[in-house]
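Each protein sequence line maps, in turn, to chains A and B.
With the first letter of the first sequence counted as 1, position 65 gets the number 65 in the numbering used here; the numbers rise by one all the way through.
Just add 347 to the spot in the second sequence (first one is 1) and you have the numbering used here.
All C-beta atoms in this analysis are idealised placements derived from N, C-alpha and C, irrespective of residue type, glycine included.
So the structure is just underneath, and the comments pick up after that.
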Amino acid sequence: MTAVYRSQDAAVAAPLVEARDLKQHYTLKGGLFGEDRTLKAVDGVSFTLGRGETLAVVGESGCGKSTLARMLTLIEAPTSGDLLFEGRPAQDAMRDDPKATRGFVQMIFQNPYGSLNPRQNVASILAEPLVINTRMSGDERRRRVREMLAKVGLRPEHDVRYPHMFSGGQRQRIAVARALMLEPRVVIADEPVSALDISVQAQVINLLLDLQDEFGLAYVFISHDLSVVRHLARRLMVMYLGRVVEEGEGGVVFEDPAHPYTRALMAATPAVDPSARKERATVRGELPSPLNPPPGCPFHRRCRYARPDCKDRVPELRTVRGRKVACHYAENLEGEGAGTLRVAATA
Amino acid sequence: MALLEIEDLSVTFPTSSGPFRAVEGVDLAVDQGEFLGVVGESGSGKSVTMLALMGLLPPQATIEAKRLVFEGRDLRKISSHDRRRIVGREIAMIFQEPMSSLNPCFTVGFQIREALGKQGLDRAARRRRAVELLDEVGIPAPEERLSAFPHQLSGGMSQRVMIAMMLAGGPRLLVADEPTTALDVTIQAQILDLLRRLQRDKGMALILITHDMAVVAETAERVLVMYAGQPVEEQAARGLFARPRHPYAEALLEALPERGFGKRRLPTIPGVVPGALDRPKSCVFHPRCRYAQDDCRTVRPPFAPLHGDPNVRVRCFHPRNEDARVAEEAR
């Protein structure tokens, strides 16, 4: 039998995944004379994810989105906070039944050239999770591998081929197939289409949507590309320096971004329409070092709306106009929605 | 007169299974101060074309062209000594990975002063000029940055330093090969703004190579679309995005999530880009083209002006969006 994570009856009503104030702090040794320093890679992230839902996590490099992915996939234990799978602490589930718990959440990586072992053929790559986590017979495994290849749009007889014999898009299909071998309920996708060409990107996005419909998968979709996020995800979480700065329904956030950083991100995203050109560099400077974040609001030094007290008080997430936002002045940023992502040429 | 003219350029590499034409039939002209975008997916030959122009391809590559002229000088005929005086000074290039383009062993200041080396400036003047250049590309506290090593700079800062080095020679033409692909989107916006400002202020021509349609839409005046080693469409940016004429350009735009908004599934292009040795002898796009007819399967269409209009060139027997009214409604 397949090892599928089975919940206790009492927990059925609980969301698939619930994160409560997750933190990941790394300690950097200061050496012989220096002091140890703390890098707050993720500093208090909370969300819930239900069956068949997609939550997009958006942010630039250094915002902590990949660290979050490592915690959600149980590669790293959080420094503090709770991670619940169907209402049950993930650490407990991992201790009691690691194989089933690993099958509950799986991951797809950005680069299909780096994430597949060049010395393993496709059959062996896809069968490996089954060998480790289940007691299937060889015949059963081979059957499952071929079924999965067909599901992700590859020819089952190509299971004897090696990764170098496939194009980038086909390799990403193999990586998707591998993530689905254990029939996970949740898939964490870390920039799964950003290494692909446009025409191939569209194919892989469609594949992810089809598989979500077929298996009722929940996705945590990590990306820096707002147009892809807007297409795929109903809910959106924007991160900056390890903290959530805005979270809400995609429609609400895209139409009327309330945090200055969300606005800046949207303004910086080029529109596919030469008649809609405008100034896009609306944030000053670069990301501060996460080792030495600014006091108060982490964004205040780059923020065009910053006021004197922004450097003194850390803004907490609060509800403004139907979404959560961490900005003291989200209600009255002057200037109309400076950066609504415009959608070009839609009928 | 055009600043750069390329006519019928082809590049061939020897491989163990016979010669491989990475690029063929490239025609392109860039005027002074013009901003040309070259778009294509990986393997379309956009980088190889520019590397051939710069003379940066490995020696086993064979470059052929009917014309390869920069400011009236025939780049095919001049000596390699004379070519080096043009390339790197009058024609400059920046690359995708700013981190690996800089030498990690030397300070930023050393590398910029090196680029200034042949201009007859003394030590103090070179240093002053290096500070000016860093200031011009928007690096804060340029004096202090001179002594920074590349590993102390972020990706955006490294790309700015690369641009400063390129400006040292006072180029007439800057070739930027995916200059923002490795950068975050807010930093990408800053670098694109910088490139646009430099092109405008210095009257410099700019060729921007990218796979990103949105980046081209944002910056270029004219766009050349390449597919499988060949140019397939060229026209003004506004025209291309409103009314693409080649089926590949049309399909590429439809596949963008920005344009598929409201639909759950995105339109895709069936099949894959043909590999090195299975490119069709006729139209290269016909195996993936919805509109392919018999002539597409037998004869290669020329890259020719559409209806005699020299501003729109298409390599297709059956161009799309012929009915302008339909195109307007589709907008």
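Beta carbon of residue i nearer than 9 Å to that of residue j
| i | j | result |
| --- | --- | --- |
| A/Val58 | A/Leu236 | yes |
| A/Leu211 | A/Leu180 | yes |
| A/Gly216 | A/Gly103 | no |
| B/Arg569 | B/Glu580 | no |
| A/Pro192 | A/Ala177 | no |
| B/Gly380 | B/Gln537 | no |
| A/Thr38 | A/Thr27 | yes |
| B/Val522 | B/Ile410 | no |
| B/Leu624 | B/Ser394 | no |
| A/Asp122 | A/Gln172 | Checking the displayed sequence, the identity of residue 122 of chain A turns out to be Val instead of Asp. Cβ atoms of A/Val122 and A/Gln172: not closer than 9 Å. |
| B/Met573 | B/Ser447 | no |
| A/Lys324 | A/Val220 | no |
| A/Ala306 | A/Pro260 | yes |
| A/Leu16 | A/Val45 | no |
| A/Pro290 | A/Gly322 | no |
| A/Glu60 | B/Val532 | yes |
| B/Arg644 | B/Pro627 | yes |
| A/Ala189 | A/Pro112 | no |
| B/Gly402 | B/Arg430 | yes |
| A/Asn133 | A/Ile125 | no |
| B/Ser710 | A/Gly153 | Lying before the first or after the last residue shown, residue 710 of chain B is absent from chain B, which here runs from 348 to 678. |
| B/Ile510 | B/Leu539 | no |
Residue-level contact to chain A via CB, residue i, 9 Å cutoff
| i | result |
| --- | --- |
| B/Thr362 | no |
| B/Phe588 | yes |
| B/Arg368 | no |
| B/Pro634 | no |
| B/Ile534 | yes |
| B/Gln582 | no |
| B/Glu669 | no |
| B/Pro604 | yes |
| B/Gly576 | no |
| B/Gln546 | no |
| B/Met401 | no |
| B/Leu334 | Nothing can be reported for residue 334 of chain B, as the shown portion of chain B is limited to 348 through 678. |
Proximity test, Cβ basis, 9 Å: residue i and chain B
| i | result |
| --- | --- |
| A/Asn292 | no |
| A/Ile198 | yes |
| A/Leu236 | no |
| A/Ala344 | For A/Ala344, the pLDDT reaches just 33, beneath the cut-off of 50, and the residue's location in the model is therefore unreliable, leaving the point undetermined. |
| A/Gly169 | yes |
| A/Leu333 | no |
| A/Thr282 | yes |
| A/Cys327 | no |
| A/His158 | no |
| A/Leu287 | yes |
| A/Val228 | yes |
| A/Asn206 | yes |
| A/His224 | yes |
| A/Ser61 | yes |
| A/Ser7 | Note that A/Ser7 scores a pLDDT of 48, beneath 50, so its modelled location is shaky; the value from the coordinates is reported in the next line. A/Ser7 does not count as touching chain B. |
| A/His231 | yes |
| A/Gln110 | no |
Strand pairing of residue i, partner residues [DSSP]
| i | result |
| --- | --- |
| A/Asp190 | A/Ile222 |
| A/Gly248 | A/Leu236 |
| B/Leu351 | B/Val377, B/Phe417 |
| B/Phe367 | B/Phe360 |
| B/Leu422 | Its beta-bridge partners do not exist; DSSP assigns none. |
| A/Arg243 | A/Tyr240 |
| A/Lys23 | A/Asp43, A/Ser80 |
| B/Asp524 | B/Ile556 |
| B/Glu411 | B/Ser357 |
| B/Val572 | B/Val386, B/Glu580 |
| A/Lys324 | A/Glu247, A/Thr319 |
Cβ-heavy atom distance, residue i to the ligand FMN, below 8 Å
| i | result |
| --- | --- |
| A/Pro298 | In terms of ligand content, the structure shown is empty, and the ligand FMN therefore cannot be addressed. |
Contact list for residue i against chain E, beta-carbon separation under 7 Å
| i | result |
| --- | --- |
| B/Arg585 | The question asks about chain E, but that chain is absent: this structure's protein chains are A and B. |
- Which ranges does the alpha helix (DSSP H) cover as unbroken runs of at least 4 residues, wholly within the stretch 580 to 638 of chain B, from first to last along the chain? The DSSP assignment places 584 to 589, 594 to 601 as complete runs of the alpha helix (DSSP H) inside the stretch 580 to 638 of chain B, in order along the chain (cut-off: 4 residues).
- Message: Within 8 Å, do at least three Cβ pairs link the stretch 482 to 495 of chain B to the stretch 426 to 443 of chain B?
- Response: No: the two stretches stay apart, fewer than three of their Cβ pairs being nearer than 8 Å.
- Between the stretch 411 to 422 of chain B and the stretch 353 to 361 of chain B, do three or more beta carbon pairs fall short of 8 Å? Judged by pairs of C-beta atoms under 8 Å, the stretch 411 to 422 of chain B touches the stretch 353 to 361 of chain B, as three or more such pairs exist.
- Message: Going residue by residue through the stretch 35 to 99 of chain A, where are the continuous alpha helix (DSSP H) segments of at least 4 residues, counting only ones entirely within it?
- Response: Those alpha helix (DSSP H) runs which fall completely within the stretch 35 to 99 of chain A and span 4+ residues are 65 to 72, 90 to 96.
- Those runs of the beta strand (DSSP E) which lie wholly inside the stretch 127 to 191 of chain A and span at least 3 residues: Runs found: 186 to 190.
- Hey, is the stretch 501 to 508 of chain B in contact with the stretch 449 to 462 of chain B, meaning 3+ C-beta pairs nearer than 8 Å? Output reads yes: the stretch 449 to 462 of chain B touches the stretch 501 to 508 of chain B.
- Message: For the structure I just gave you, are there three or more beta carbon pairs, one from the stretch 657 to 666 of chain B and one from the stretch 600 to 617 of chain B, closer than 8 Å?
- Response: Taking a contact to require three or more Cβ pairs closer than 8 Å, the stretch 657 to 666 of chain B and the stretch 600 to 617 of chain B do not qualify as touching.
- Message: Three Cβ pairs or more, each shorter than 8 Å: is that satisfied between the stretch 555 to 574 of chain B and the stretch 268 to 276 of chain A?
- Response: Touching, per the Cβ criterion.
- Message: Measuring CB atoms only, is the stretch 81 to 89 of chain A touching the stretch 253 to 268 of chain A, in the sense that at least three cross pairs come out at less than 8 Å?
- Response: With a cut-off of 8 Å, the stretch 253 to 268 of chain A and the stretch 81 to 89 of chain A do not count as touching, because too few Cβ pairs lie within range.
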